[in-house]
Ligand code: AMP
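Residue numbers (this note's numbering): 3 to 269.
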């Protein structure tokens, strides 16, 4: 589902459902399109396509951790340190954050998709800087979703943003060539964000953007020298992914505790 107003992206969502659930699923997506805090769309696109069971790759969701931070500035600091630990250069981190903070596409609006950023130089390599790359064809199976919801409730962090973000982040982290992802929402009131990677899982920061800011985005960090960009984009857009198992979800900790608990190999 894609919803827009005056040709500006408002929201989008993906589902993998059985044919018998098609009506219900489409109607949930329409409700979703109509209830975004940015406002009502003047255009909603829903496309439905058949998918063969055997083409669906099953994955376990990333482990979830939360790092307690006092405000978005502290959140950015810890998120940057985490990205550095994963191997992203300071320059690339700064460039990603600057884009996301000020509007990533050339017209300074919000992108429908994500930037792809070289982990060393910070150079953007996605072919369309207005649209970005949209990860698609992913969802979570019903039983896994129920488990995830109850786990997130216990951790007092359950909301639809997280559920969808974990699905997306799991797909992106499992794409060959993804080193890490950074994300915060473009919803002005939603300040949380995350850094995802195979190594550290889905690491959530309750504050990663300034309250009231209409800018958000996603950046996927890759090594531009090694990547087969066409193959990478094809995986993100085309490979169907269903999450069938959930990972661990740890209670919130501060940055130092997170570092002590994470197994960080010596350089
Ligand atoms: P959201 O968390 O839905 O507010 O999305 C925040 C930003 O992430 C959006 O402005 C897009 O730039 C990007 N984004 C949202 N959905 C996707 C997706 N499926 N694939 C890639 N990027 C996305």
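From the three backbone atoms N, C-alpha and C, an ideal C-beta is built for every residue, glycine too.
Distance from the CA of residue 213 to the CA of residue 227, rounded to the nearest whole angstrom, comes to 37 Å. For residue 199, the uninterrupted beta strand (DSSP E) segment begins and ends at 195–199. For residue 13, the three-state secondary structure derived from DSSP is strand. In the three-state reduction of the DSSP assignment, residue 251 falls in the strand class, which pools E and B.
A direct Cα-to-Cα measurement between residue 40 and residue 12 gives close to 7 Å.
By the criterion of a C-beta distance shorter than 8 Å, residue 104 is surrounded in its chain by 110, 217, once the five residues flanking it on both sides are discounted. Following the DSSP letters along the chain, one finds residue 93 inside the alpha helix (DSSP H) bounded by residues 92–104. Residue nearest to residue 219 within the set 75, 140, 197, 237 is 197 (criterion: CA-CA distance).
Counting C-beta pairs closer than 8 Å gives three or more between the stretch 201–215 and the stretch 78–90, which meets the contact rule. Sorting 248, 207, 247 by C-alpha distance to the C-alpha of residue 72 places 207 at the top. If the five residues before and after residue 50 are omitted, its C-beta is found closer than 8 Å to the C-beta atoms of 24, 28, all from its own chain and listed in chain order.
Selection around the ligand AMP by beta-carbon proximity, strictly under 5 Å to any non-hydrogen atom, yields 112, 113, 115, 116, 136, 137, 187, 188, 218, 219, 220 in chain order. Judged by beta-carbon spacing, residue 66 lies beyond the 8 Å limit of residue 3, meaning their Cβ atoms are not closer than that value. Between residue 223 and residue 194, the gap from beta carbon to beta carbon reaches 8 Å or more. For residue 206, the uninterrupted beta strand (DSSP E) run begins and ends at 203–207, by DSSP. In the three-state scheme derived from DSSP, where H, G and I count as helix and E and B as strand, residue 42 is classed as coil. Residue 101 and residue 179 do not touch by the CB rule: their CB atoms are close to 20 Å apart, not below 8 Å. Fully enclosed alpha helix (DSSP H) runs of no fewer than 4 residues occupy 74–88 of the stretch 42–90, in order along the chain.
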